[in-house]
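Enquirer: For the sequence shown, position 197 matches number 197 in my numbering, and the numbering has no gaps at all.
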Amino acid sequence: MKTLDKLTVPVIQGGMGVGISLGGLAGAVAREGGMGVISTANIGFREPDFWQNAEEAGRRALRKEIEKAREIAGGNGLIAINAMVATTNFADMVKLACECGIDAIISGAGLPLELPELTAGSDVLIAPIVSSGRAAKTLKRMWGKRHDHEPDFFVVEGSQAGGHLGFAQEDVENGSALPLMDIVADVVQEADKIPVFAAGSIFDGADIRKALAAGAKGVQIATRFIACEECDASQGFKDVILGASDEDVMILKSPVGMPGRGLRTPLMKKVAAGQRFAPETCIGCIHTCNPAETPYCINRALIEGYNGNYEEGLFFCGSNVGRINKMTTVKALMEELSSEWSK
Ligand SMILES: Cc1cc2nc3c(=O)[nH]c(=O)nc-3n(C[C@H](O)[C@H](O)[C@H](O)COP(=O)(O)O)c2cc1C
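1) At a threshold of 7 Å, does F316 count as lining ligand 1 (C-beta to nearest heavy atom)?
2) Helix, strand or coil: how does DSSP classify M84 here?
3) May I ask you to report which of helix, strand or coil DSSP gives V94?
4) For G110, verify whether its CB is less than 7 Å away from any heavy atom of ligand 1.
5) Assign D103 to buried or exposed, taking buried as 16 or more other Cβ atoms, counted over all protein chains shown, within 10 Å of its Cβ.
6) Skipping 5 residues on each side, what residues in its chain have a beta carbon closer than 6 Å to that of M366?
7) Nearest by alpha-carbon distance to A301: which of E293, W51, M268, K331 is it?
8) DSSP state of V11, grouped into three classes?
9) To the nearest angstrom, report how far apart G205 and G19 are at their CA atoms.
10) According to DSSP, what are the bridge partners of L125?
11) Among the residues of its own chain, which have a CB less than 6 Å from the CB of M250, if the five just before and after it don't count?
12) Consult DSSP for H164 and reduce its assignment to one of helix, strand or coil.
13) When the Cα atoms are used, what is the spatial distance from L252 to G77?
14) Pull the bridge partners of Q220 from the DSSP assignment, please.
15) Cβ atoms of C285 and N42: under 8 Å apart, would you say?
16) Distance check for N82 and R63, CA to CA, integer angstroms please.
17) I'd like the list of long-range same chain contacts for H147, defined as Cβ closer than 7 Å, with 5 residues on each side in sequence excluded.
18) Which residues in the same chain have their Cβ closer than 6 Å to the Cβ of G15, if we skip the five residues on either side of it in sequence?
19) On the three-state DSSP scale, how would you describe T328?
20) Between which two residues does the beta strand (DSSP E) carrying K64 extend?
21) Can you name the start and end residues of the alpha helix (DSSP H) that V240 belongs to?
22) Pull the bridge partners of E157 from the DSSP assignment, please.
23) Given a threshold of 16 other Cβ atoms within 10 Å of its Cβ, counted over all protein chains shown, does Q189 qualify as buried or as exposed?
24) Taking all protein chains shown into account, decide if K140 is buried (16 or more other Cβ within 10 angstroms of its Cβ) or exposed.
25) Are the Cβ atoms of G308 and L314 separated by less than 8 Å?
26) Going by C-alpha to C-alpha distance, which of T138, T88, D246, I12 sits closest to L111?
27) Which residue comes first and which comes last in the beta strand (DSSP E) that contains R323?
28) To the nearest whole angstrom, what separates the beta carbons of F237 and R224, a pair I think is in contact under 8 Å?
29) Shortest alpha-carbon distance to A135 belongs to which of G121, P151, A120?
30) Hey, how far is the Cα of P195 from the Cα of G17?
31) List the residues that DSSP assigns as beta-bridge partners of G36.
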């Protein structure tokens with residue numbers, strides 16, 4: 001029976017697509033006693049047949065990355081996938097990860113109402129990402145009614161997180177979204193005894209202590225892990241993140257239909273100014289994306305980001321990106337967080 005007991009440090013490394021958190025980073029975090037998370041977002045992008053056969057490429061890559069993470073982790077910590085409801089291969093990735101014996105599935109970018117059905121018969125831990133107490137309540141009620149299943153834990157993502165945000169664009173832009181710790185307290189109340197992890201701009205041990213004081217069991221951290229040697233992104237991606245300041249961060253409109261936080265790159269500036277970049281090839285990866293109308297292909301932009309192409313790439317990041325200015329290792333970062341948090 002899988003449990004959270006193997007987490008010796010209360011840190012989940014947030015899933016980062018495309019290709020930013022794969023088996024290398026996830027394995028390194030698990031080895032240090034945390035939960036390492038492989039992003040399934042277009043995970044097959046480095047396979048030679050990706051643009052012709054994305055589904056099969058994705059399956060092959062997911063198997064490889066889980067195996068790699070396991071080897072690196074050496075039996076420590078937990079290994080999870082992050083699969084987004086908005087992606088068209090969501091069910092496929094979830095089922096395959098269960099077959100591979102993954103420890104946990106974390107799922108957001110939409111409410112994963114059918115997740116328990118997809119994981120039925122496996123002892124995998126399943127966790128929705130929510131951004132309000134109301135969403136946690138709805139999810140719990142629906143899973144109870146439809147599947148007689150409770151979440152094994154919740155990830156609460158606040159408005160300062162990187163990537164897609166579960167808030168209205170204007171609430172993020174004008175700062176009227178509830179502060180993370182208030183949402184954590186609301187979700188803790190709805191969750192009853194279900195463990196809650198706080199995410200979005202968690203930077204150091206003091207932030208972890210704040211989350212624990214609000215009732216969380218731990219935290220999910222993403223952006224800080226980008227500046228680690230073990231992070232699966234190219235050094236070009238990492239250098240762009242290392243060089244970014246607070247002024248470079250923007251709230252962008254994503255073809256996923258949610259606002260997102262990332263860097264104001266030349267591509268994002270042009271898109272914000274109304275320019276359109278029609279996709280060259282569409283693999284149909286996002287349910288809500290219409291290739292005939294989308295202002296840009298998010299898959300292509302994220303892959304360019306992964307490669308460190310500042311001009312044409314999309315670089316998701318949390319609001320604390322400006323505080324990250326040197327490379328480190330997962331071991332050093334986990335030790336730093338643990339020592340600060342347990343002081
Ligand atoms: C580069 C990047 C890619 C991300 N990709 C995903 C993703 O594929 N799925 C997802 O649920 N969240 C994604 N996120 C959100 C993170 O998992 C995490 O919850 C959030 O960034 C936490 O805030 P922090 O980065 O300030 O620590 C991404 C974040 C970043 C920075």
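Heads up, the beta-carbon is just placed ideally off N, CA and C, and yes, glycines get one too.
Expert: So, from the listed chains and residues:
1) As a position in the sequence shown, residue 316 is number 316, starting the count at 1. True, at least one ligand heavy atom lies under 7 Å from that Cβ.
2) Locating residue 84 in the sequence shown gives position 84, counting from the first residue. Residue state, collapsed to three classes: strand.
3) As a working note, residue 94 is residue 94 in the sequence shown. Reduced to three states, the DSSP call for V94 is helix.
4) Position 110 of the sequence shown, counted from the start, is the residue given in the question as residue 110. G110: no, Cβ never under 7 Å from ligand 1.
5) Here residue 103 corresponds to residue number 103 of the sequence shown, with the count starting at 1. Residue burial annotation: D103 is buried, with at least 16 other C-beta atoms found within 10 angstroms of its C-beta.
6) With the chain covering only 1 through 343, there is no way to say anything about residue 366.
7) Residue mapping note: residue 301 aligns to position 301 of the sequence shown, counting from 1. Nearest in C-alpha terms to A301, of all of E293, W51, M268, K331, is M268.
8) Position 11 of the sequence shown, counted from the start, is the residue given in the question as residue 11. Here V11 sits in strand by DSSP.
9) In the sequence shown, counting from the first residue as 1, residue 205 sits at position 205. In the sequence shown, counting from the first residue as 1, residue 19 sits at position 19. Take the alpha-carbon of G205 and the one of G19: they are about 27 Å apart.
10) Indexing the sequence shown from 1 puts residue 125 at position 125. Beta-bridge pairing links L125 to A104.
11) Here residue 250 refers to the residue found at position 250 of the sequence shown. Excluding positions up to five away in sequence, the list reads R264.
12) Numbered from its first residue, the sequence shown carries residue 164 at position 164. If DSSP states are grouped into helix, strand and coil, H164 belongs with the strands.
13) As a working note, residue 252 is residue 252 in the sequence shown. As a working note, residue 77 is residue 77 in the sequence shown. Each residue's alpha carbon lies about 34 Å from the other.
14) Counting from one through the sequence shown, the residue named residue 220 turns up at place 220. When DSSP reads this structure, Q220 sits in a beta bridge with I12, A199.
15) Start at 1 with the first residue of the sequence shown, and residue 42 comes out as number 42. Start at 1 with the first residue of the sequence shown, and residue 285 comes out as number 285. Going by C-beta atoms, N42 is nearer than 8 Å to C285.
16) Taking the sequence shown and counting its residues from 1, one reaches residue 63 at position 63. Taking the sequence shown and counting its residues from 1, one reaches residue 82 at position 82. The alpha-carbon atoms of R63 and N82 are separated by roughly 14 Å.
17) What you label residue 147 is simply residue 147 of the sequence shown in a count that begins at 1. Excluding positions up to five away in sequence, the list reads P116, E117.
18) By one-based count along the sequence shown, residue 15 stands at place 15. Cβ neighbours of G15 beyond the five flanking positions: S21, V37, S39, N82.
19) Numbered from its first residue, the sequence shown carries residue 328 at position 328. Strand at T328.
20) The count along the sequence shown starts at 1 and reaches residue 64 at position 64. From DSSP, K64 is part of no beta strand (DSSP E) but of the alpha helix (DSSP H) over 54-73.
21) Here the question's residue 240 lines up with position 240 in the sequence shown. First-last of the alpha helix (DSSP H) with V240: 235-243.
22) Start at 1 with the first residue of the sequence shown, and residue 157 comes out as number 157. Answer by DSSP bridge pairing, in chain order: A199.
23) Within the sequence shown, residue 189 is the residue found at index 189, counting from 1. Per the 10 Å Cβ criterion, exposed.
24) As a position in the sequence shown, residue 140 is number 140, starting the count at 1. Looking at its Cβ environment, which holds 16 or more other Cβ atoms inside 10 Å, K140 is buried.
25) Taking the sequence shown and counting its residues from 1, the one referred to as residue 308 is at position 308. Taking the sequence shown and counting its residues from 1, the one referred to as residue 314 is at position 314. Going by C-beta atoms, G308 is not nearer than 8 Å to L314.
26) Here residue 111 is taken as the residue at index 111 of the sequence shown, counted from 1. Ranking T138, T88, D246, I12 by Cα distance to L111 puts T138 first.
27) Here the question's residue 323 lines up with position 323 in the sequence shown. No beta strand (DSSP E) holds R323; DSSP gives it neither H nor E.
28) Reading the sequence shown from its first residue, position 237 is the one you call residue 237. Reading the sequence shown from its first residue, position 224 is the one you call residue 224. No, F237 and R224 are not in contact; Cβ-Cβ is about 14 Å, not under 8 Å.
29) In the sequence shown, the residue the question calls residue 135 occupies position 135. Checked all of G121, P151, A120; the closest Cα to A135 is P151.
30) Against the sequence shown, residue 195 aligns to sequence position 195. Against the sequence shown, residue 17 aligns to sequence position 17. So the alpha carbons of these two residues sit roughly 25 Å apart.
31) Locating residue 36 in the sequence shown gives position 36, counting from the first residue. As computed with DSSP, G36 is found in a beta bridge with I79.
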